[in-house]
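Enquirer: Would you mind keeping the following structure in view while I ask a few things?
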Amino acid sequence: MPETKRAFISHASEDKGRFVEVFARRLREKGIDAWYDQWEIQPGDSIVHKIFEQGIKNADVFIVVLSQNSVEKSWVREELESGVVQRINRACRIIPVVLDDCKVPTALNHLRWEKIHDIDDYETVFQRIVNVIYGGTERPPLGPPLQYKDQSVVNFVPGLTKTDNHVFQILGDRSLKNGNRRGDIEGLREAFSAVGLSDSEVNESLEILERHGMLDSRNSLKTFDKDCGEWAYKGVFFTVSGIVTYVRNTVPNFDQLVLEVASGIVNRGFRLRLEFEELKTVPLELLEVIVLEFEAKRLIHLLLGSNGRFHQLEPNGPGLTRMLGQ
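For the sequence shown, the numbering used here gives the first residue as 1156, with consecutive numbering after it.
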């Protein structure tokens, strides 16, 4: 049977009722033996012995709850100093949990804090704390490798990581399937999760893709995530360069399709969207990408319909003719 993880909770008495007791109960529900003085110290017990010899000494993690109430408490500061020593002596991990906009003690500045913006709603932060506590030998059993990750990942843009490319490919797959350049991040969470990508990883990759010009920052939809204190993407929009980059790397005969569309415009006089349906080898979703690239290169002028897709086009100069070698 796996050894029970033990967590010592350092806190101010003023924070017991509003946060600490419920927090400790939730830890115990997750199988973590949370050391909370209200439960552990009985009448007649030696407080010093109980806290330092049974509480901190036997802890796997030292959780210090920082608030406006606690940062000025000398008793909490003493526990913190003991915790620092304990961490050095027997690898007792310290997890600072910050409740208020208080000044974090210097001894904790080099550690990652878990910031709780709403003490009534902090599930994401709580789960992260639990994961840290169980982060040693008691990880859940490994499942079979994810099929998607077994496949080779296209390196779409120099400088992107494998995670960035995973995110880019999932966005591109859905965008091409839907026939538009919008990406609903909420609707793609299951797809991201299926390849082992967390919300924070996806969020970071989306920011990188924006900076590389693959996503249009002017059309991104973001909301503030109070759990992590950061802005999170809810919707994105491919730039023309972004969707063309995706298609060129995933459609083997894309260059040939580009020439077929150019030929339809130059040799057959196609102007209306409906006329291009005669090109049986060019799917409409790829036609949309091709004419957008033509417009970006100033080879044509586009007239868009109310649905945002092209309705009609007009050639702009001899560029398409030269593309065909004529």
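Heads up, the beta-carbon is just placed ideally off N, CA and C, and yes, glycines get one too.
Keep in mind the model is a prediction, meaning the values are calculated, not measured.
1) Assuming Lys1332 is part of the beta strand (DSSP E), what are its boundary residues?
2) If you draw a straight line from the alpha carbon of Arg1248 to that of Ile1218, how long is it in whole angstroms?
3) Look at the alpha carbon of Glu1433 and the alpha carbon of Glu1440, and state the distance between them as a whole number of angstroms.
4) Apply the 10 Å Cβ neighbour rule to Val1252 and answer buried if 16 or more other Cβ atoms are within range, or exposed otherwise.
5) On a CA-only basis, which of Val1220, Lys1381, Glu1359 is nearest Tyr1277? Give me that one, please.
6) Pick helix, strand or coil for Leu1352, following the three-state DSSP scheme.
7) Is DSSP giving Arg1294 helix, strand or coil here?
8) Using three-state DSSP, classify Gly1338 as helix, strand or coil.
9) From His1466 to Leu1427, what distance separates their C-alpha atoms?
10) Suppose you measure from the CA of Lys1185 to the CA of Gly1390; what does that come to, to the nearest Å?
11) Can you list, in chain order, the residues of its chain whose CB lies under 7 Å from that of Ser1168, leaving out five sequence neighbours each side?
12) Can you check DSSP and say which residues form a bridge with Pro1470?
13) Along the chain, where does the beta strand (DSSP E) containing Val1391 start, and where does it finish?
14) Would Val1395 and Ala1346 qualify as a contact pair, given that the criterion is a beta-carbon distance under 7 Å?
15) How many angstroms separate the CA atom of Gly1327 from the CA atom of Leu1479?
16) Could you check how far apart the C-beta atoms of Ile1489 and Leu1254 are, in whole angstroms? I think they sit under 8 Å.
17) Do three or more CB pairs link the region 1340-1360 to the region 1454-1471 at distances below 8 Å?
18) Using a Cβ-Cβ cutoff of less than 6 Å, which residues in the same chain neighbour Glu1356 once the five nearest sequence positions on both sides are dropped?
Expert: Quick look at the numbers:
1) Where Lys1332 is concerned, there is no enclosing beta strand (DSSP E), although the alpha helix (DSSP H) it sits in stretches over 1317-1333.
2) 8 Å
3) 14 Å
4) buried
5) Lys1381
6) coil
7) With a pLDDT of only 46 at Arg1294, under the threshold of 50, the placement of this residue in the model should not be trusted; the figure read from the coordinates follows. Arg1294 falls in the coil class under three-state DSSP.
8) strand
9) 6 Å
10) 34 Å
11) none
12) Ile1455
13) 1385-1392
14) no
15) 28 Å
16) What is shown of the chain runs 1156 to 1481, which leaves residue 1489 out entirely.
17) no
18) Thr1318
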